[in-house]
Amino acid sequence: MSAKVVVITGASRGLGRAMAEEFIRLGHRVLGCGRSAKAMRELDARYGPAHRFSVVDVTDDKEVRDWAAQCLQQAGPPDLLLNNAAIVNRNAPLWKVPAREFSEVIDVNIKGVANVIRHFVPAMVARKHGVIVNFSSGWGRSTDAEVGPYCTTKWAIEGLSKSLAQELPKGMAAIPLNPGIINTDMLRSTFGGEAANFPSAETWAETAVPWLLGLKPADNGHSLTVGERH
Ligand SMILES: NC(=O)c1ccc[n+]([C@@H]2O[C@H](COP(=O)([O-])OP(=O)(O)OC[C@H]3O[C@@H](n4cnc5c(N)ncnc54)[C@H](OP(=O)(O)O)[C@@H]3O)[C@@H](O)[C@H]2O)c1
0 MSAKVVVITG ASRGLGRAMA EEFIRLGHRV LGCGRSAKAM RELDARYGPA
50 HRFSVVDVTD DKEVRDWAAQ CLQQAGPPDL LLNNAAIVNR NAPLWKVPAR
100 EFSEVIDVNI KGVANVIRHF VPAMVARKHG VIVNFSSGWG RSTDAEVGPY
150 CTTKWAIEGL SKSLAQELPK GMAAIPLNPG IINTDMLRST FGGEAANFPS
200 AETWAETAVP WLLGLKPADN GHSLTVGERH
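Following numbering that gives the first Met the number 0, the numbering of the sequence shown begins with 0 at its first residue and continues without gaps.
Structure below.
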């Protein structure tokens, strides 16, 4: 397989970092972002200038615009655009979630994804090539108590992705993706000690990354789960 250009948001830890490291291990070129300057510096130092790890907050449209311009100049339009960055509310019934926290979850999980799409997708559309994967969740297709703001955003990601799928030219795909259940900071926040019963991000990435590399235009608009084909 020829080397692919892969853009990953939220590459500083969890699934994003594990995917970044696995794509690189398999010979692909990764352009990642996150808010943690320390993590971005570490990844840059470890993997060198063929890859790029940038401090970007996806909620800031101008930061995303500048980051996209730099990435497109360095590597051209991505073959795979992975909208992975997200946050979860602290477990609480909806009426106890402070207004600011509700807004933060919306800003990262929905508006952040739209920002990234706004600045990367025009170059992909111009080439009529590339797959956009928006990380959804089991909680984008079902619900549970105490994660209402998060569920709200992941159901939104399903709709946003399917609408985008109807706008793309032939040859491209937009896919809402449930990654499964993986032991990360996010899962520990919602599941507590139970999170330890689930696989690590590194173990997950060993199967998820080859699976992601197999996505194709025929997958456009389908709600998928890692490891399953429609
Ligand atoms: N883990 C699971 O079981 C599970 C299940 C279903 C769906 N998911 C989805 O999978 C994706 C990854 O989840 P995860 O478990 O890996 O979460 P995580 O461990 O909490 O990592 C989230 C990543 O997003 C980044 N991020 C958060 N806010 C950001 C912002 N404003 N700008 C840029 N980056 C930001 C974080 O980095 P910084 O803090 O450095 O910015 C971090 O790298 C998410 O979309 C999540 O909803 C996960």
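Built from N, CA and C at the ideal position, the CB exists for glycine as well. Being a predicted model, the structure only gives us computed values, none of them experimental.
- DSSP three-state assignment for F22, whether helix, strand or coil: Residue state, collapsed to three classes: helix.
- If you draw a straight line from the alpha carbon of A195 to that of P168, how long is it in whole angstroms? Taking the straight line from one Cα to the other gives about 42 Å.
- Task: May I have a chain-ordered list of the beta strand (DSSP E) segments no shorter than 3 residues that lie completely inside the region 12 to 85?
- Result: Segments of the beta strand (DSSP E) lying fully in the region 12 to 85: 28 to 33, 51 to 54 and 79 to 82.
- Query: Going by the CB atoms, is the gap between S135 and K161 shorter than 8 Å?
  - Reply: Going by beta carbons, K161 and S135 fall outside the 8 Å limit.
- Is it the case that the CB of L186 approaches a heavy atom of ligand 2 more closely than 7 Å? This structure simply doesn't include ligand 2; it includes ligand 1 instead.
- Kindly examine ligand 1 and report whether one of its heavy atoms sits closer than 7 Å to the Cβ of I181. Proximity of the beta carbon of I181 to ligand 1 is indicated: a heavy atom of the ligand is located closer than 7 Å.
- Query: So, do the region 97 to 105 and the region 67 to 74 have three or more beta carbon pairs nearer to each other than 8 Å?
  - Reply: For the pair of segments examined, the region 97 to 105 was found not to touch the region 67 to 74: the number of CB pairs separated by less than 8 Å stays below three.
- Message: Determine whether the beta carbon atoms of L223 and I174 lie at a separation below 8 Å.
- Response: Cβ distance < 8 Å, so L223 and I174 count as in contact.
- Item | Delimiting residues of the beta strand (DSSP E) encompassing V115 | Counting along the chain, V115 falls outside any beta strand (DSSP E), though it belongs to the alpha helix (DSSP H) covering G111 to R126.
- Query: If you pair each beta-carbon of the region 6 to 18 with each one of the region 184 to 202, do three or more pairs fall below 8 Å?
  - Reply: Result yes; three or more Cβ-Cβ pairs closer than 8 Å.
- Message: If I measure Cβ to Cβ from I234 and keep anything under 8 Å in the same chain, skipping five residues before and after, which residues do I get?
- Response: The structure shown has nothing for residue 234, since the chain only spans 0 to 229.
- Query: Got a sec, what are the start and stop residues for the alpha helix (DSSP H) L200 sits in?
  - Reply: For the sequence presented, residue 200 should be read as Ala rather than Leu. The continuous alpha helix (DSSP H) containing A200 extends over residues A200 to L212.
- Message: I'd like to know whether the C-beta atoms of V107 and T189 end up nearer to each other than 8 Å.
- Response: V107 places its beta carbon 8 Å or farther from that of T189.
- With V225 and P178 assumed to form a contact (beta carbons below 8 Å), what rounded beta-carbon distance in angstroms separates them? Right, their Cβ atoms sit about 5 Å apart.
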